[in-house]
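One structure below.
Residue numbers (this note's numbering): 6 to 611.
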């Protein structure tokens, strides 16, 4: 009888596995056929409006493929759209010249993830929207309760429609840190630090209970710069002076719909059906769906534009490579959402071996990280320049510390006024759990062949001699960092030391200090790359890291599980995410010597 049940169970288990395999393969085959069967042409009615639904994340690097998005939606219910920055910029430019596109409609609310949809990238998107307006075509936006990022884009429209029950957030910018110093002390977690630069304050949340005076000074200056850029940008299209904006931020905070219209932040209050009727007058009524206007979705349009552009340049040999360094810089290969030193060094070596690559644009959107990994990448970029391949850096929302380190090996640096950069400093973070473990009766013992053999153990605090060894690493790396900057920017080392000290600067200030050559975004860097390399207009643009093979996409899409917090929005989830992110910093701390060139804190403006 036991053998009978074993056989039955094995049979059912095998059938279940087989059915599961068929189900997965069926999904893959269906999606594959659907994607392969897509026509190269996109049917767009004359006069259509391009609909840009902002319920999306906008990373700098190429977004996941349509196949990966479809799998994620089926397996996880994750319907967050991800447009790459260049995908959006290219589509808006093409739409401004497309005789079939009459207007642009902005709606929805951004869903930032990781380093996506930061203000540096959004400034480029906003300027592309303004360029669309210059073509003589209308831009209409509809908002309900827009975040500051949402309004940053929506305010670029000719007409801003605000839901009658909505409000405009004019509270200003704030940046808040979570401090664990007292908690770590209470529970017996020891943190020892080594650092160079009085503003290099990344370690503060682990040892203090509030900002140091130096950190408060630099943080206030930075958000003042970013807030000034934000107010000045909105003034250009909404005719609200920075002084009036500041007064409203101090006294009111939120503008209800009628006041928002009165003050010029919105054109008119309206519900979505009214806005649709207005768009029907601009674009015409859809020939199939009479209840709405003629339209084409940004996703479909941007994919069509990309396919058309690729087909037009696929026969060319000359190339410009865009390398996206987005996320924490870590030792080793890293993951898809960070910058692995070994992986990116390999990519750069492949590019150097390709004689058809005439220039490299390095797009940096990184707070830095491992000093060793940063040096590996910087060295490969320097070899590219020695091989007479120009390297142009385009700084995104953040390009600080290790992100600035890798930027030094370049012919020219572009940054937006609201880019966060600088942070030229180094630190070491050395945790230990001796007291915590001892409180639970756990002890440690060891043997070693030399005094420093166990220098990075977490079982005890470091001795003064061991701290001196790590401080020596930190001092040496800081000295090399200063030399890299001095040589690249043609600034005396002493002067670099004055503006370094781990201090963070806005892009606008960095230009004044000589750390950046000029303001501009990714498209400005590409234009310069074409010019300096003497390349023709038909040159191919290739992007790295390159797209994965289909098998890798399938494994990654089916194996990935997103954090539930990433799809929850609101003040409570934001605070939980901040605590979670602060605790997870340790995961990316994998430098072999425990020394880091990283932004002194995680900038989250809200």
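Yeah, the Cβ is synthetic: ideal placement off N, Cα and C, and Gly gets one too.
| task | Output the residue ranges of the alpha helix (DSSP H) runs that lie fully inside the segment 169-234 and measure 4 residues or longer, sorted by chain position. | result | 186-192 and 209-212
| task | Express the C-alpha separation of residue 509 and residue 166 in angstroms, rounding to a whole number. | result | 37 Å
| Which residue from 132, 141, 152 and 183 puts its Cα closest to that of residue 161? | 132
| Bridge partner(s) assigned by DSSP for residue 548 | 327
| query | Which whole-angstrom value is the C-beta distance of residue 414 and residue 396, which I expect to be below 8 Å? | reply | 6 Å
| task | Rounded to whole angstroms, what's the CA-CA distance from residue 493 to residue 64? Just pull it up for me. | result | 28 Å
| query | So the beta strand (DSSP E) residue 354 belongs to, where does it begin and stop? | reply | That residue, residue 354, is in no beta strand (DSSP E); its alpha helix (DSSP H) goes 346-357.
| Thinking C-alpha only, which one of 144, 550 and 50 is nearest residue 355? | The shortest C-alpha separation from residue 355 is found at 550.
| said: Quick check: the segment 174-181 against the segment 247-259, are at least 3 beta-carbon pairs closer than 8 Å? | reply: yes
| field | Same chain only: Cβ atoms within 6 Å of residue 205, ignoring 5 sequence neighbours per side | value | Excluding positions up to five away in sequence, the list reads 430, 432, 507 and 605.
| query | What's the gap between the Cα of residue 417 and the Cα of residue 403? | reply | Taking the straight line joining both Cα atoms gives about 17 Å.
| message | Pop quiz: residue 376 and residue 482 are said to be a contact at Cβ under 8 Å. What is the actual Cβ separation, rounded to whole angstroms? | response | 5 Å
| field | Buried or exposed (CB count within 10 angstroms, at least 16 for buried), residue 408 | value | buried
| task | Note the first and the last residue of the continuous alpha helix (DSSP H) segment covering residue 533. | result | From DSSP, the alpha helix (DSSP H) with residue 533 extends over 527-538.
| said: Please report the distance separating the alpha-carbon of residue 101 from that of residue 499. | reply: 49 Å
| message | Taking only three categories from DSSP, how would you classify residue 149? | response | The DSSP-derived three-state label of residue 149 is coil.
| request: Report all residues from its chain with a CB closer than 6 Å to the CB of residue 338; omit the five preceding and five following residues, and keep chain order. | output: 345, 347 and 348
| request: Identify every residue that forms a DSSP beta bridge with residue 303. | output: Note: residue 303 sits in no beta bridge, so no partner.
| query | With a cut-off of 8 Å, do at least 3 Cβ pairs link the segment 210-230 to the segment 184-191? | reply | yes
| Taking the Cβ atom as the reference point for each residue, do residue 48 and residue 106 lie within a distance shorter than 9 Å? | no
| task | Leaving out five residues on either side along the sequence, give the residues of the same chain with a beta carbon under 6 Å from the beta carbon of residue 577. | result | Confidence in residue 577 is poor, its pLDDT being 49 and thus under 50, which makes the residue's placement unreliable; the coordinate value appears in the next sentence. For residue 577, where only same-chain residues beyond five positions count, there are no Cβ hits under 6 Å.
| Same chain, Cβ closer than 8 Å to residue 154, neighbours up to 5 away in sequence not counted | 115, 117, 122, 124 and 127
| Meets three-Cβ-pair contact criterion under 8 Å: the segment 87-95 and the segment 300-309 | yes
| said: Just to confirm before moving on: does the CB-CB distance between residue 353 and residue 143 stay below 9 Å? | reply: no
| field | Beta-bridge pairing of residue 371 - partner residues as DSSP gives them | value | 404
| How is the alpha helix (DSSP H) around residue 252 delimited, first residue to last? | 247-256
| request: Decide if the segment 453-460 is in contact with the segment 534-543; the criterion is three or more beta carbon pairs, one per stretch, under 8 Å apart. | output: no
| task | Whole angstroms is fine: what's the gap from residue 545's alpha carbon to residue 202's? | result | 43 Å
| Beta carbon of residue 145 nearer than 9 Å to that of residue 170 | no
| Test item: CB-CB of residue 530 and residue 399 under 9 Å | Yes.
| field | Secondary structure of residue 438, DSSP reduced to three states | value | coil
| Of the residues 150, 159, 51 and 151, which one's Cα is nearest the Cα of residue 57? | Of the candidates 150, 159, 51 and 151, the one whose C-alpha sits nearest the C-alpha of residue 57 is 159.
| field | Beta-carbon contacts of residue 524 that lie in its chain and below 8 Å, excluding the five residues immediately before and after | value | 419, 420, 421, 422, 512, 513 and 516
| field | Complete runs of the beta strand (DSSP E) confined to the segment 426-493 [at least 3 residues] | value | 431-437
| said: Among 240, 497, 491 and 436, whose alpha-carbon lies nearest the alpha-carbon of residue 663? | reply: Here the chain has residues from 6 to 611 only, and residue 663 is not among them.
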